[in-house]
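Take a look at the structure below.
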Amino acid sequence: MSDLRIVPSSAPVGAIVENIDLSTPLDDATFAQIEAAYAAHAVLVFRDQALTPEQMIAFTQRFGDIERYTRNHYAHPDHPEMLLISNIVEGDRSIGLADAGATWHSDMSYVKVPPRGSVLYAREIPMQDGQPLGDTLFASTGAAYDDLSQATKDLLDGRRTTHSYEGKHARRAALGKSNRKPLSAKEREALPPTDHPVIRTHAQTGRKCIYVIDGECVGISGLADTEAEPLLSDLADRCTRPEYTYSHHWQVNDLLMWDNCLVQHLAIQDYALPQRRLMWRTTIKGTTPA
Ligand code: SIN
Numbered sequence: 005m006s007d008l009r010i011v012p013s014s015a016p017v018g019a020i021v022e023n024i025d026l027s028t029p030l031d032d033a034t035f036a037q038i039e040a041a042y043a044a045h046a047v048l049v050f051r052d053q054a055l056t057p058e059q060m061i062a063f064t065q066r067f068g069d070i071e072r073y074t075r076n077h078y079a080h081p082d083h084p085e086m087l088l089i090s091n092i093v094e095g096d097r098s099i100g101l102a103d104a105g106a107t108w109h110s111d112m113s114y115v116k117v118p119p120r121g122s123v124l125y126a127r128e129i130p131m132q133d134g135q136p137l138g139d140t141l142f143a144s145t146g147a148a149y150d151d152l153s154q155a156t157k158d159l160l161d162g163r164r165t166t167h168s169y170e171g172k173h174a175r176r177a178a179l180g181k182s183n184r185k186p187l188s189a190k191e192r193e194a195l196p197p198t199d200h201p202v203i204r205t206h207a208q209t210g211r212k213c214i215y216v217i218d219g220e221c222v223g224i225s226g227l228a229d230t231e232a233e234p235l236l237s238d239l240a241d242r243c244t245r246p247e248y249t250y251s252h253h254w255q256v257n258d259l260l261m262w263d264n265c266l267v268q269h270l271a272i273q274d275y276a277l278p279q280r281r282l283m284w285r286t287t288i289k290g291t292t293p294a
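The opening residue of the sequence shown carries number 5 in the numbering used here; numbering runs sequentially from there.
Below is the structure:
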């Protein structure tokens, strides 16, 4: 057994994992401790990690196969399973996805089988007056579910709502937070709107969570739009209440992983070039939301 230490944050999600080096393969007992902490805290932070892309990919693969990002424009040039998130421009080209996470969301909720979790590794972090910018916020969708009234839980049981990639980016564009190229006909065919349970049950722990993204979900099965719309808006607002939220202040070489059922997240875009931000992201394949 390693002398790994889990230090929970004061929020309902988030913990720092200390005394661990992720550059070397983890023994089964240590990995089991990390899996348990991941299930309990939903967001794990590993500070001061010195990782190559291969080592980050190997760590991600301990949790399952890697799920590639929907669009491949910003894949790492040598590791297509890794996405680059960045505001850096080289020549006339952004080297990474600049608008990732600009509104509250759960990664790739618009696909039939969204990723179980995501792993983000900080390579460059923007700074101002010695303080990091570009925090990422994580909010507990499990705590939000727990606090619903029993009548609302009963009303939502078994109902579904629709998520879509194009809906998500149309909304972000309207907020001035996305200027992505429209989908090609082939991409559109591969990314139809998809519906998921409004209340999702976590595949590993059985915990119930709200799975509704602010401004992106359309309709609730069996309810009139006049009832569904305000309900969706209320559910989304509940998910991101400050009391359910952990804010991560990044340091270079932080590796952070989150669970896409138990949390939603938001990347704060409070920096601009010449302040540079570069992150590597991998995602872990999930199971059909139930
Ligand atoms: C994301 O939504 O995956 C990006 C989060 C971040 O860049 O902080």
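Just so it is clear, CB atoms sit at the ideal spot from N, CA and C, and this is done for glycine as well.
query, result
"Under the criterion of a Cβ to heavy atom distance below 8 Å, does L259 qualify as lining ligand 1?", "no"
"Quick one: what does DSSP say T230 is sitting in, helix, strand or coil?", "helix"
"Please identify the residue among S98, G68 and F67 whose C-alpha is closest to the C-alpha of H80.", "S98"
"Can you list the alpha helix (DSSP H) stretches of 4 or more residues lying completely in the region 200-259, in chain order?", "229-243"
"In terms of alpha-carbon separation, which member of A155, S182 and E170 lies closest to E193?", "E170"
"At 3 residues or longer, and completely inside the region 136-177: list those beta strand (DSSP E) runs for me, N to C.", "140-144 and 164-167"
"With DSSP as the reference, please indicate the residues paired to W284 in a beta bridge.", "L88 and Y125"
"In whole angstroms, what is the alpha-carbon distance linking R9 and D25?", "12 Å"
"Does DSSP put I61 in a helix, in a strand, or in coil?", "helix"
"Please classify K116 as buried or exposed, where buried requires at least 16 other C-beta atoms within 10 Å of its C-beta.", "exposed"
"Take the Cβ of P130 as the centre, count every other Cβ of all protein chains shown within 10 Å, and call the residue buried at 16 or more, exposed below.", "buried"
"Please report how far the alpha carbon of R163 lies from the alpha carbon of C221, in whole angstroms.", "13 Å"
"For P293, does the count of other Cβ atoms within 10 angstroms reach 16, so buried, or fall short, so exposed?", "buried"
"What's the C-alpha gap between L30 and L260?", "17 Å"
"Is the Cβ-Cβ distance between Y4 and C213 less than 9 Å?", "No answer is possible for residue 4: the residues shown for the chain start at 5 and end at 294."
"State the start and end residues of the unbroken alpha helix (DSSP H) segment that holds Q37.", "D32 to H45"
"For the structure I just gave you, are there three or more beta carbon pairs, one from the region 241-249 and one from the region 133-149, closer than 8 Å?", "yes"
"Taking 8 Å as the cut-off, is the C-beta of A232 nearer than that to any heavy atom in ligand 1?", "no"
"Between L160 and I203, which are expected to be in contact by the criterion C-beta below 8 Å, what is the C-beta distance as a whole number of angstroms?", "5 Å"
"Are at least three pairs of beta-carbons, each pair with one atom in the region 69-80 and one in the region 40-47, less than 8 Å apart?", "no"
"Taking K141 and I20 to be in contact with their CB atoms under 8 Å, please state how far apart those CB atoms are, rounded to whole angstroms.", "According to the sequence shown, residue 141 is Leu rather than Lys. Not quite, the Cβ-Cβ distance comes to about 16 Å (not below 8 Å), so this is no contact."
"By Cβ distance below 7 Å, which residues in the same chain neighbour A232 in space, the five residues on each side in sequence not counted?", "G223 and I224"
"Could you tell me which residues DSSP pairs with S98 in its beta bridges?", "V93"
"Is L179 buried or exposed, if buried means 16 or more other CB atoms sit within 10 Å of its CB?", "exposed"
"For the region 81-95 against the region 263-270, are there 3 or more C-beta pairs whose distance is under 8 Å?", "no"
"With distances taken from CA atoms, which of H109, T249 and A62 is nearest F35?", "A62"
"One question on the structure: do H252 and G100 come within less than 9 Å of each other, judged by their Cβ atoms?", "no"
"Is any heavy atom of ligand 1 found at a distance shorter than 8 Å from the C-beta of M86?", "no"
"What does the alpha-carbon distance come out to for the pair A15 and T209?", "19 Å"
"Among the candidates D52, S110, L282 and D96, whose CA atom is the shortest distance from the CA of S168?", "S110"
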